[in-house]
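S.K.: No gaps in the numbering here: position 454 of the sequence shown is 670 in my numbering, and each next residue is one more.
Just so you know, even glycine gets a beta-carbon here, dropped at the ideal spot from N, CA and C.
As the structure is a prediction and not an experimental result, all values here were calculated from the model.
Structure below; questions to follow.
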Amino acid sequence: MARKAPREDVTEDDLEVGPPKEWAAGMPGVTRSLMTSYAQMGVGRTLLTLVRVNQKDGFDCPGCAWPEGEHRSPAEFCENGAKAVAEEATTRRVTRDFFAGHTVGELAGRTDYWLGQQGRLTEPMHKPAGSDHYVPVTWDEAFAIVARELRALGGPDEAVFYTSGRTSNEAAFAYQLMVRRFGTNNLPDCSNMCHESSGSALNQTLGIGKGTVSLEDLHRADLVFVVGQNPGTNHPRMLSALEKAKRNGARIVAVNPLPEAGLLRFKNPQRPSGVVGRGTTLADRFLQIRLNGDLALFQALSRLLLEAEEADPGSVVDHEFVRAHTHGFDEWAKSVRDLDWADVEEATGLERPAIEETVSEVLGARSVIVCWAMGLTQHKNSVATIREVVNFLLLRGNVGRPGAGVCPVRGHSNVQGDRTMGIYERPAERFLDALREEFGFEPPRHHGLDTVAAIRALRSGEAKVFFAMGGNFVAATPDTAVTEAAMRRARLTVQVSTKLNRSHTVCGEQALILPTLGRTERDGDRFVTVEDSMGLVHASRGRLRPASPDLLPEVAIVCRLAREVFGADPHVPWEEFEADYDTIRDRIARVVPGFGDFNARVRAPGGFALPNAPRDERRFPTATGKANFTVNALEVLRVPAGRLLLQTVRSHDQYNTTIYGMDDRYRGVSGGRRVVFVHPGDLAERDLADGDLVDLVSEWPDGERRAEAFRVIAYPTARGCCAAYFPETNVLVPLDSVAETSNTPTSKSVVVRLSRCAPGGG
Numbered sequence: 217m218a219r220k221a222p223r224e225d226v227t228e229d230d231l232e233v234g235p236p237k238e239w240a241a242g243m244p245g246v247t248r249s250l251m252t253s254y255a256q257m258g259v260g261r262t263l264l265t266l267v268r269v270n271q272k273d274g275f276d277c278p279g280c281a282w283p284e285g286e287h288r289s290p291a292e293f294c295e296n297g298a299k300a301v302a303e304e305a306t307t308r309r310v311t312r313d314f315f316a317g318h319t320v321g322e323l324a325g326r327t328d329y330w331l332g333q334q335g336r337l338t339e340p341m342h343k344p345a346g347s348d349h350y351v352p353v354t355w356d357e358a359f360a361i362v363a364r365e366l367r368a369l370g371g372p373d374e375a376v377f378y379t380s381g382r383t384s385n386e387a388a389f390a391y392q393l394m395v396r397r398f399g400t401n402n403l404p405d406c407s408n409m410c411h412e413s414s415g416s417a418l419n420q421t422l423g424i425g426k427g428t429v430s431l432e433d434l435h436r437a438d439l440v441f442v443v444g445q446n447p448g449t450n451h452p453r454m455l456s457a458l459e460k461a462k463r464n465g466a467r468i469v470a471v472n473p474l475p476e477a478g479l480l481r482f483k484n485p486q487r488p489s490g491v492v493g494r495g496t497t498l499a500d501r502f503l504q505i506r507l508n509g510d511l512a513l514f515q516a517l518s519r520l521l522l523e524a525e526e527a528d529p530g531s532v533v534d535h536e537f538v539r540a541h542t543h544g545f546d547e548w549a550k551s552v553r554d555l556d557w558a559d560v561e562e563a564t565g566l567e568r569p570a571i572e573e574t575v576s577e578v579l580g581a582r583s584v585i586v587c588w589a590m591g592l593t594q595h596k597n598s599v600a601t602i603r604e605v606v607n608f609l610l611l612r613g614n615v616g617r618p619g620a621g622v623c624p625v626r627g628h629s630n631v632q633g634d635r636t637m638g639i640y641e642r643p644a645e646r647f648l649d650a651l652r653e654e655f656g657f658e659p660p661r662h663h664g665l666d667t668v669a670a671i672r673a674l675r676s677g678e679a680k681v682f683f684a685m686g687g688n689f690v691a692a693t694p695d696t697a698v699t700e701a702a703m704r705r706a707r708l709t710v711q712v713s714t715k716l717n718r719s720h721t722v723c724g725e726q727a728l729i730l731p732t733l734g735r736t737e738r739d740g741d742r743f744v745t746v747e748d749s750m751g752l753v754h755a756s757r758g759r760l761r762p763a764s765p766d767l768l769p770e771v772a773i774v775c776r777l778a779r780e781v782f783g784a785d786p787h788v789p790w791e792e793f794e795a796d797y798d799t800i801r802d803r804i805a806r807v808v809p810g811f812g813d814f815n816a817r818v819r820a821p822g823g824f825a826l827p828n829a830p831r832d833e834r835r836f837p838t839a840t841g842k843a844n845f846t847v848n849a850l851e852v853l854r855v856p857a858g859r860l861l862l863q864t865v866r867s868h869d870q871y872n873t874t875i876y877g878m879d880d881r882y883r884g885v886s887g888g889r890r891v892v893f894v895h896p897g898d899l900a901e902r903d904l905a906d907g908d909l910v911d912l913v914s915e916w917p918d919g920e921r922r923a924e925a926f927r928v929i930a931y932p933t934a935r936g937c938c939a940a941y942f943p944e945t946n947v948l949v950p951l952d953s954v955a956e957t958s959n960t961p962t963s964k965s966v967v968v969r970l971s972r973c974a975p976g977g978g
């Protein structure tokens, strides 16, 4: 029997704030996992699903992309993984009666949390032009509507095809094939908004847009930097890997403006000491860095290492590695030696002794790994910052040997696999050549639109059809008012989804909702595959009965739409692809490097690792044929008087734009989300008190942007910095404020002022 969804929307009236926690997980994590699962799925479905999450014969968690490793526990999931499974496997349902009772305009006024709590979508729905209601439509009618609008375009580039990170390898390959068969490379994806900066920097420096470490490397490292990342909330299973590294003797340096509970102390609920004991202190050193100060920090670390080498030649720099495998060392070293320490201290907010003590950690470690997430990737200088991380590692040969390397920790499950499968607006020529050779048609060669460019094209009317394979585009993107206005200009918006979200309520003249299977559900006797954030490819098999008989798998949606658009296609066997995913994998094996004998290898327990030239061979497929040292100018981000530097963050009851609840347990917040974390000293300077109500205002050449009615929380963040949750604060980030090279929105360094709300406001 379906469990009731919230009948009334949530407010901030129950907001309560307590002290932040000093440790993560433990029994509260277990209890919250089970409570959420029981509430959404019931006891039976909870037991049926959680025992199969991330198991070799089970399904991949629909949450993060952290790898599982060879030896897995019977409960290979975390608290937020359990929440992700519960959200998808919920017994709540959104039916045609729901849409009959709610206009699109009414739904647009609901919160993201309320929309998500209504349950699983059950049948295709269509909002006709001029209507404010979704009405049922058959699958055939839905595909005919999309095909008709695509054929009516002035050219293929007037359509945009977005992808979220949860799409399987098979669906992603078929999707990009359909889009390129249609004639465009307009394939923006969620990577454009998160780790595009990582891919850009790593391709330039190492020749591969992925990390170079395995899970075993992390366990074997002597020193691990965790930079701009909150694994306790965003990748909780990473804490277990860090705990194992600590048991093996590793030291951990946390670099973050906010103290994160999981990096302070971890109580592993799968170990007795994590249930009844104090757990494990993870971070040996916490550098509470000012926002946007990471480039300066890594330049300073490198300069001190060069000074140590000059004092004791041959003891610090790995000269053999530098000579044999790198390019550009001398020019880079000169730039670092010219570093101004006053600029470093201003940029980082750290005093020189703290940086010197950190260098002592580096000198004592043979193998060093640097891990990072979106705290590094969403600044104007993000690509330069990550290039500087690579410089730091190359100096001592910490790439391409055990226990060392770069570790960008990507978010959504299979976001990395989607890119491997060709979901990219700027595909490599060799990939397009392989498609042409395999399928016998000429793919488009001109670059397509990324996420920011797609919004601009929709805003200007150059793009007229928007098709999203998963995700919540409207909530995930910057400049909320601009994005919403752009989406409403489209002739047709299409959302392939499992649950209701904001993007269904902010739509074009016509709109379609196409409901699809989730990871937890059976797709006949077929399985799909995914790639984790360390390049391991493995199978995923759901076991639950689909939420509705009217759901289609993503592969079927792509293939049936392609048949409607192209008719009898002499180049692509769409019917075969839909019926037998092995036929898709056979084509992937011939098109995508590293996937040879795909069908046989992925059937092995645990799957297989993709080749990684820097890691496996110390080979760097860059333009120079070597790993590249790069010169990156330090420009200190100076904030005008009276302003603060804002970073957007997730709460613990959230994954990307999916809101599981209204609590952020580790930061001491419950019952609300419209809060801003500010250092007590910064509050005192502004004559504000803990609990005051303020608007967050960002100031730009085209005017102010305002996020209204946020409760101030006095919090031990870095001085001059503050933090608030997204998507509520996406409104503050202009569409044109992007990282250099990667074009990623600058959501981690937004200059704001706190404007006190008038009495009775909010």
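Kindly indicate the opening and closing residues of the alpha helix (DSSP H) around residue 355.
M.R.: Unbroken alpha helix (DSSP H) run through residue 355: 355-367.
S.K.: Taking all protein chains shown into account, do 16 or more other C-beta atoms lie within 10 angstroms of the C-beta of residue 248, making it buried, or fewer, making it exposed?
M.R.: Buried is the call here.
S.K.: Residue 726 bridges to which residues according to DSSP?
M.R.: Note: residue 726 sits in a beta bridge opposite 708.
S.K.: Assuming the contact rule is C-beta atoms closer than 8 Å, residue 666 and residue 951 should be a hit. Round their C-beta distance to whole Å, please.
M.R.: That pair is no contact at about 12 Å.
S.K.: Can you tell me the Cα-Cα spacing of residue 474 and residue 318, whole angstroms?
M.R.: Near 41 Å, if we compare the C-alpha coordinates of residue 318 and residue 474.
S.K.: Pick helix, strand or coil for residue 994, following the three-state DSSP scheme.
M.R.: Since the first and last residues shown for the chain are 217 and 978, residue 994 lies out of range.
S.K.: Can you tell which of 345, 294, 730, 233 has its C-alpha closest to the C-alpha of residue 708?
M.R.: When only C-alpha atoms are compared, the closest one is 345.
S.K.: Can you tell me which of the three DSSP states residue 217 falls into?
M.R.: Residue confidence is low: residue 217 scores 36 on pLDDT, short of 50, so the model does not pin down where it sits. No coordinate-derived value is stated.
S.K.: Residue 706 to residue 670, Cα distance in whole Å?
M.R.: Those two C-alpha atoms are separated by around 11 Å.
S.K.: Considering only C-alpha positions, which residue in the set 846, 765, 760, 849 is nearest to residue 268?
M.R.: That would be 760, whose Cα lies nearest to the Cα of residue 268.
S.K.: Are the beta-carbon atoms of residue 598 and residue 914 separated by less than 8 Å?
M.R.: No, they are not a contact pair.
S.K.: Three or more C-beta pairs closer than 8 Å, one from the segment 848-864 and one from the segment 768-788: is that the case here?
M.R.: Flag = no, the segment 848-864 and the segment 768-788 do not touch.
S.K.: Can you tell me whether residue 550 is buried or exposed, with buried defined as 16 or more other CB within 10 angstroms of its CB?
M.R.: Exposed, since its Cβ has fewer than 16 Cβ neighbours within 10 Å.
S.K.: Confirm, please, whether the CB-CB distance from residue 630 to residue 332 is below 8 Å.
M.R.: No, the pair does not count as a contact, with Cβ atoms beyond the cut-off.
S.K.: Answer yes if the segment 806-820 comes into contact with the segment 422-437, meaning at least three C-beta pairs across the two stretches below 8 Å, and no otherwise.
M.R.: No: the two stretches stay apart, fewer than three of their Cβ pairs being nearer than 8 Å.
S.K.: So what's residue 479 in DSSP terms, helix, strand or just coil?
M.R.: In this structure, residue 479 counts as helix in the three-state DSSP scheme.
S.K.: Take residue 431 and list the residues in its own chain whose beta-carbon comes closer than 7 Å to its own, dropping the five residues that flank it on each side.
M.R.: Only 283, 285, 457, 750 meet the Cβ criterion.
S.K.: Less than 8 Å separating the beta-carbons of residue 385 and residue 929?
M.R.: No.
S.K.: State the start and end residues of the unbroken alpha helix (DSSP H) segment that holds residue 609.
M.R.: Where residue 609 is concerned, the enclosing alpha helix (DSSP H) stretches over 598-611.
S.K.: Please determine, among 240, 335, 231, 381, the residue with the shortest C-alpha to C-alpha distance to residue 278.
M.R.: Among 240, 335, 231, 381, the Cα nearest to that of residue 278 is on 381.
S.K.: Is residue 885 closer than 8 Å to residue 938 when the C-beta atoms are compared?
M.R.: Their beta carbons are not under 8 Å apart, which means residue 938 does not touch residue 885 by this criterion.
S.K.: Which residues in the same chain as residue 840 place their Cβ atom closer than 7 Å to its Cβ, once the five residues preceding and following it in sequence are excluded?
M.R.: Once the five neighbours on either side are set aside, the close Cβ partners of residue 840 are 543.
S.K.: In angstroms with no decimal places, state the Cα-to-Cα distance between residue 300 and residue 871.
M.R.: Those two C-alpha atoms are separated by around 8 Å.
S.K.: Starting from the C-beta of residue 589, find all residues in its chain whose C-beta is less than 7 Å away, skip the five residues before and the five after it, and write them out in chain order.
M.R.: For residue 589, where only same-chain residues beyond five positions count, the Cβ hits under 7 Å are 444, 445, 450, 625.
S.K.: What first and last residue would you give for the beta strand (DSSP E) that runs through residue 634?
M.R.: First-last for residue 634: 631-636, but that is the alpha helix (DSSP H), not the beta strand (DSSP E).
S.K.: For residue 862, which residues of its own chain have a beta-carbon under 6 Å away from its beta-carbon, when the five flanking residues on both sides are left out?
M.R.: Correct list, in chain order: 938, 966, 968.
S.K.: Taking 8 Å as the cut-off, decide whether the C-beta atoms of residue 327 and residue 226 are in contact.
M.R.: In contact: residue 327 and residue 226 (Cβ atoms closer than 8 Å).
S.K.: Going by DSSP in three states, residue 965 sits in which element: helix, strand or coil?
M.R.: If DSSP states are grouped into helix, strand and coil, residue 965 belongs with coil.
S.K.: What's the C-alpha gap between residue 235 and residue 931?
M.R.: Whole-angstrom Cα-Cα distance: 9 Å.
S.K.: Is the CB-CB distance between residue 510 and residue 467 below 8 Å?
M.R.: Contact flag unset, no.
S.K.: State whether the segment 363-380 contacts the segment 400-410, with contact taken as three or more CB pairs (one from each stretch) at a distance under 8 Å.
M.R.: These segments touch.
S.K.: Please name the residue, chosen from 879, 902, 973, that lies closest to residue 924 on a Cα-to-Cα basis.
M.R.: Among 879, 902, 973, the Cα nearest to that of residue 924 belongs to 973.
S.K.: Helix or strand or just coil, what does DSSP make of residue 750?
M.R.: Coil, per DSSP.
S.K.: So residue 686 and residue 712 are in contact, right, with Cβ under 8 Å, and what is the actual spacing, rounded?
M.R.: About 6 Å; that satisfies the 8 Å criterion.
S.K.: I'd like to check one pair, residue 340 with residue 730: are the Cβ atoms closer than 8 Å?
M.R.: Yes, the pair counts as a contact, with Cβ atoms nearer than the cut-off.
S.K.: Only counting the same chain, and skipping five residues up and downstream in sequence, which positions put a Cβ closer than 6 Å to that of residue 693?
M.R.: Within the same chain, residue 693 has close Cβ partners 699.
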